[in-house]
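Asks:
Numbering (UniProt numbering), first residue to last: 1 to 305.
1) Using a Cβ-Cβ cutoff of less than 8 angstroms, which residues in the same chain neighbour residue 192 once the five nearest sequence positions on both sides are dropped?
2) Over what stretch of residues does the beta strand (DSSP E) that includes residue 157 continue unbroken?
3) Could you pull out every residue in the same chain whose Cβ sits closer than 8 angstroms to the Cβ of residue 1, ignoring the five residues on either side in sequence?
4) Mapping DSSP to helix, strand and coil, what is residue 47?
5) Which residue marks the beginning of the alpha helix (DSSP H) containing residue 237, and which one marks its end?
6) Pop quiz: residue 72 and residue 102 are said to be a contact at Cβ under 8 angstroms. What is the actual Cβ separation, rounded to whole angstroms?
7) Please list, in chain order, all residues of the same chain as residue 286 whose beta carbon is under 7 angstroms from its beta carbon, the five residues on each side excluded.
8) Kindly list the residues whose CB is nearer than 7 angstroms to the CB of residue 262, restricted to its own chain and excluding five residues on each side of it in sequence; keep chain order.
9) Of the residues 54, 9, 25 and 235, which one's Cα is nearest the Cα of residue 272?
10) Go through its chain and collect everything with a Cβ distance to residue 41's Cβ below 7 angstroms, but skip five positions before and after it.
11) Classify residue 56 as helix, strand or coil using the three-state DSSP reduction.
12) Would you list, in sequence order, the uninterrupted alpha helix (DSSP H) runs of no fewer than 4 residues that lie entirely inside the segment 80-138?
13) Just verifying my parser: in three-state terms, what is the DSSP assignment at residue 4?
14) Out of 50, 77, 76 and 54, which has the shortest C-alpha to C-alpha gap to residue 65?
15) Give me, in chain order, the residues of the same chain whose beta-carbon lies closer than 7 angstroms to that of residue 122; leave out the 5 immediate sequence neighbours on both sides.
Structural data, given as structure tokens:
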């Protein structure tokens with residue numbers, strides 16, 4: 001409907017903005033720009049607008065600026081959607097989650113700047129931002145009435161697919177956390193080869209950094225296999241339900257690209273463009289998996305398949 005055009009534009013802007021926040025946070029971490037503004041927040045090195053511009057200051061300050069602007073967009077979108085589409089079952093929950101996790105990730109970022117935090121806490125930062133992105137994305141999809149366009153409101157999902165959908169969505173968060181832990185513990189290049197830590201020898205990791213790196217690789221390999229199995233199941237049993245069929249085929253394509261980019265991150269010695277692509281792909285995959293969970297919650301349950 002034409003009357004919904006403005007809220008749709010807001011939804012698209014908020015979704016793209018959340019992607020920029022995710023990529024900006026990854027850029028801050030990968031370029032070691034977290035202290036670009038010193039131990040100051042929300043000001044930068046004692047000034048509202050930094051006077052001395054260095055690459056680190058530019059990256060950190062830009063990330064803060066984008067987060068602030070997008071935060072306003074998300075709050076407006078959440079309130080607007082709550083009032084206009086509150087009758088849709090998931091709208092109020094998604095609106096709340098989008099704002100809640102946005103604020104939470106901002107507070108974690110601010111706490112890191114002001115006081116510093118351990119690597120295992122910092123690894124949660126990307127994952128929390130990812131939850132906010134997923135909520136904003138799903139809210140936008142509801143606004144665009146994607147369910148109606150793809151007949152998603154009439155899907156029928158069996159017990160097997162329901163179990164795998166919920167399981168792999170939860171597990172994907174584990175993969176995200178282990179990947180963030182690799183970055184924050186500076187374990188990215190502790191293993192110079194791929195797929196083994198050192199291809200000329202088969203041995204267990206010898207220190208914490210190798211365990212973190214190889215643990216993430218193992219977790220990533222498992223999710224590739226798991227989503228491949230689900231995609232095969234969807235191909236065999238759900239070709240008559242295109243949102244399920246294409247959803248899982250696209251998920252399998254993305255996870256293959258994700259694994260390939262992870263390999264290239266190691267082989268290119270942390271090439272920045274490849275590393276950012278790696279973050280972008282996992283964001284897309286997580287958003288899609290959350291949508292598949294939404295379909296499960298709406299579907300008519302059948303015992304078979």
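Positions of the beta carbon are idealized from the N, C-alpha and C atoms, including for glycine.
Replies: In short, the structure shows the following:
1) Beyond the five residues adjoining it in sequence on each side, residue 192 comes within less than 8 angstroms, by CB distance, of 198 and 266 in the same chain, given in chain order.
2) Run containing residue 157: 156-158, per the beta strand (DSSP E) assignment.
3) Its pLDDT being 46, under 50, residue 1 is placed unreliably by the model, and the measurement read from it follows with that caveat. Excluding residues within five positions, none has a Cβ falling inside 8 angstroms.
4) In the displayed model, residue 47 falls within a strand according to three-state DSSP.
5) In the DSSP assignment, residue 237 falls within the unbroken alpha helix (DSSP H) covering 208-237.
6) Contact flag wrong, Cβ pair sits at about 10 angstroms.
7) Hits under 7 angstroms: 130, 134, 172 and 176.
8) Correct list, in chain order: 220 and 278.
9) Taking only the C-alpha atoms, the option nearest residue 272 is 25.
10) Hits under 7 angstroms: 110, 113 and 114.
11) Helix, per DSSP.
12) With a minimum length of 4 residues, the continuous alpha helix (DSSP H) runs that stay inside the segment 80-138 are 91-114.
13) Here DSSP, grouped into helix, strand and coil, assigns residue 4 to helix.
14) Nearest C-alpha to residue 65 among 50, 77, 76 and 54: 50.
15) Within the same chain, residue 122 has close Cβ partners 112 and 184.
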